[in-house]
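Have a look at the structure below before the remarks.
Residue numbers (my numbering): 65 to 369.
If you want it as structure tokens, here you go:
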């Protein structure tokens, strides 16, 4: 027959403490090993947070440094812009004064003394031709061009408006300067020479000689009129008591009118002609202006007589 053996050893009190100690030790060692990943993850998170905080602190310090450097650069730019505007104003004033000096020198350069022109005409007048009248006709003044409207000024900031903390001071804008009015070139005056000559050939020769004068414009020199008329010369008998005799009949004369224009050639280009015609006053003024650099000497071939 089968027998039933029951082992009551585990029920004894002296065996239970050892088993419980072993189980508790096993549980404690197993719990420490399970906490190692959590500790590693915590240390990694702490290191990552420290790296992020360090990067944020470095970026903040760099931004502050760059903002300070930008403010300094903007201040320097505003100072340089103000100096540039001042230099532009000085250059504009210098150009204005230079233009005034050149305009004044141009007035002297456009002067042609009548004494020199009369001597030139006298030297070119052929024998038998007389100049009765020389008339200068000034050109009609050119219409004055309307001045362009001034440019609109930049609106300034209102005194009560407060600038933003990060805004940089804007440089002062220069005062707008109105554009100069274009000036039309001056027109040369016309000259009419009238008188009498013995023949038409003399009038033709005189006109050709006037065309070769450096004081007149050859392309505008033309014969306006040439008419054969009776001689205006009146003959008188010296002895009034003598019997009236038949006076000789004088040959008719040619009454002419020649029109020309003053040459645009400046006096600085006619210095040899002025010297030869004894116009020393104007020649000395022109040479003085050339020595001072106000008037530049021009090398232009002058028509030879």
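Where a beta carbon is used, it is the ideal one built from N, C-alpha and C, also for glycine.
For residue 319, the uninterrupted beta strand (DSSP E) run begins and ends at 317–325, by DSSP. Closest in alpha carbon position to residue 254, among 260, 266, 198, 293, is 198.
Considering only 134, 117, 200, the residue with the shortest C-alpha distance to residue 326 is 200. For residue 330 against residue 174, the beta-carbon gap comes to about 7 Å, under 8 Å, which counts as contact. Taking C-beta atoms as the reference points, residue 316 and residue 292 count as a pair closer than 8 Å.
Setting aside the 5 residues that flank it on each side, residue 196 is surrounded in the same chain by 258, 259, each with a C-beta closer than 6 Å to its C-beta; the list follows chain order.
Boundaries of the alpha helix (DSSP H) harbouring residue 274: 264–275, taken from the DSSP string. For residue 258, the three-state secondary structure derived from DSSP is strand.
Across the structure, residue 336 and residue 186 are spaced so that their CA atoms are roughly 18 Å apart. Under DSSP, residue 199 forms a beta bridge with 256. The residue from 267, 324, 312 with its alpha-carbon nearest to that of residue 286 is 324.
Take the alpha-carbon of residue 125 and the one of residue 138: they are about 20 Å apart. DSSP lists 260 as the bridge partner or partners of residue 194. For residue 291, the secondary structure class from DSSP, reduced to helix, strand or coil, is strand.
Cβ-Cβ separation between residue 270 and residue 189: approximately 6 Å, consistent with a contact (criterion under 8 Å).
Taking the Cα of residue 357 as reference, the smallest distance to any Cα among 192, 165, 320 is reached at 165. Between the beta-carbon of residue 321 and that of residue 289 there is about 4 Å, and that keeps the pair under the 8 Å contact cut.
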